[in-house]
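Reading through the structure tokens given below for one structure.
Numbering (our numbering), first residue to last: 20 to 455.
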């Protein structure tokens with residue numbers, strides 16, 4: 020019986036490993052691939068030019084002949100201006116994408132049915148991306164408003180609490196769950212703090228989170244390289260709970276948190292998020308192990324937004340790494356182009372959020388307006404195929420930055436990064452800290 024149990028355990032474990040392996044592979048690659056290649060290597064065109072793309076449908080990396088595909092052409096994220104079909108008689112075909120009169124981005128989406136399975140892909144090309152301008156207005160009292168919010172927050176005691184997570188510690192790093200005060204009613208932020216064990220003073224990297232409701236493990240690997248790292252959640256709940264709790268909150272109390280109280284700039288959900296993230300800088304500066312000077316903010320999507328916002332609000336941040344920031348030029352949809360996540364104005368002028376009160380609030384929280392005031396060096400990276408944080412919104416941010424900036428565009432990326440982008444971002448921090 021004992022041997023039989025061991026055998027069953029082995030078979031079950033093997034099955035789960037194989038299943039997980041296949042699940043991971045299927046996330047990143049499909050058996051049939053639609054290859055789409057523009058006739059400009061950098062995917063950049065000038066207004067008035069007419070991009071052409073080469074299209075092939077490949078199985079086992081071999082183009083398929085006599086395949087008919089469907090296509091849609093139009094401005095990114097908006098209704099297509101043209102649809103049609105194309106026969107790939109010899110395995111490869113050409114599509115003309117149409118042009119744009121103004122700087123912006125244009126998308127071609129392709130769909131094909133192979134062996135009863137529907138496959139799709141898209142490509143977005145840029146028209147003078149360095150000339151894309153934001154649509155969101157800049158309030159006259161923007162700086163005064165946020166100075167007032169900071170003054171209220173700064174008067175509160177930090178009241179930091181650190182609990183050692185022994186099971187997460189390594190031979191080089193101590194790992195803590197940390198919490199600190201950020202609200203007049205006793206509200207607290209939670210995060211995972213990692214501090215090198217060896218005596219000394221260390222630079223710090225502050226990891227601000229992407230959207231969602233989940234747990235966090237801490238940036239232990241980076242801490243082992245000689246950094247203090249802080250990774251926070253934004254919802255005022257511990258970040259080391261079990262999965263079902265976050266699932267329940269995500270589907271219940273925190274569903275659509277990004278539009279809570281959108282009609283009031285003083286009580287909008289992101290008010291406490293921005294202030295809570297800003298107070299994370301206070302926490303890092305309170306640590307005796309911090310070198311008192313070298314602090315970077317780092318994040319992607321919502322985290323890409325927060326990395327810029329925190330640095331704009333607090334000059335103690337010495338450099339920023341931001342990947343495809345969310346919450347950027349959210350009003351784009353009101354001007355006939357894509358707006359940023361969370362796409363609250365996706366339906367344009369008919370959107371339920373298109374009210375004077377909500378538009379006013381958006382103007383105080385849009386990343387573009389924080390970027391305009393940024394004084395900190397920044398590494399910025401994004402792709403043209405992102406449909407979560409579309410390039411119209413992210414380039415509105417980048418083009419508004421006047422501080423020293425470094426841009427890495429990887430055109431084919433969507434809402435994800437290659438390891439090369441992450442390495443460049445980390446190397447940027449090392450360079451700013453004179454560590455490389």
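We put the CB at the ideal spot given by N, CA and C, even for glycine.
Across the set 319, 334, 355 and 333, the C-alpha of 319 shows the shortest separation from the C-alpha of residue 440. Annotation: the region 156-209 contains the following complete segments of the alpha helix (DSSP H) (minimum length 4 residues), in chain order: 161-173. Counting along the chain, residue 453 sits inside no alpha helix (DSSP H), nor does DSSP assign it H or E at all. For residue 124, the enclosing beta strand (DSSP E) covers residues 123-133. Per the coordinates, the alpha-carbon of residue 398 lies some 23 Å from the alpha-carbon of residue 298.
Note on geometry: alpha-carbon atoms of residue 222 and residue 455 lie some 13 Å from one another.
When DSSP states are grouped into helix, strand and coil, residue 119 belongs to the coil group. Counting the other Cβ atoms within 10 Å of the Cβ of residue 106 gives fewer than 16, which makes it exposed.
Between residue 421 and residue 339, the CB-CB gap reaches or exceeds 7 Å. According to the DSSP assignment, residue 240 belongs to the alpha helix (DSSP H) that extends over 239-242. Ranked by Cα distance from residue 142, the first of 189, 404 and 291 is 404. When DSSP assignments are scanned along the region 305-367, the uninterrupted stretches of beta strand (DSSP E) that are 3 or more residues long and fall wholly within it turn out to be 309-319 and 338-342. Taking C-beta separations shorter than 8 Å and ignoring five residues to either side along the sequence, the partners of residue 181 in its chain run 195, 196, 197 and 212, following chain order. Cβ atoms of residue 328 and residue 293 come within 8 Å of each other, at about 6 Å. If you compare the alpha carbons of 261, 238 and 262 with that of residue 251, the shortest gap goes to 238. By DSSP's assignment, residue 74 forms a beta bridge with 55 and 112. When the alpha-carbon of residue 59 is set against those of 115, 171 and 411, the nearest one is in 115. In the structure shown, residue 96 adopts coil according to DSSP, grouped into three states. For residue 141, the beta-bridge partners assigned by DSSP are 128. Inter-segment contact for the region 120-128 and the region 85-100 is present: three or more beta-carbon pairs are separated by less than 8 Å. Collapsing the DSSP output to three states places residue 263 in a helix. Within 10 angstroms of the beta-carbon of residue 217 lie fewer than 16 other beta-carbons, which makes it exposed. Assigned with DSSP and collapsed to three states, residue 89 falls in strand. Going by beta carbons, residue 380 and residue 287 fall inside the 7 Å limit. With contacts defined as CB atoms closer than 7 Å, residue 67 and residue 118 qualify as a contacting pair. By alpha-carbon distance to residue 225, the top candidate from 233, 231, 242 and 234 is 242. For residue 358, same chain residues with a beta-carbon under 7 Å away, outside a window of 5 residues either side, are 348, 349, 350, 351, 352, 364 and 412 in chain order. Residues 95, 143, 145, 410 and 411 of the same chain have their beta carbon placed closer than 6 Å to that of residue 124, with the five preceding and five following residues left out of the count.
Sequence-distant partners of residue 324 (beyond 5 residues in either direction) whose C-beta falls short of 6 Å from its own C-beta, in its chain, are 344, 345, 346 and 386.
A residue is called buried once 16 or more other Cβ atoms fall within 10 Å of its Cβ, and residue 53 is buried on that count.
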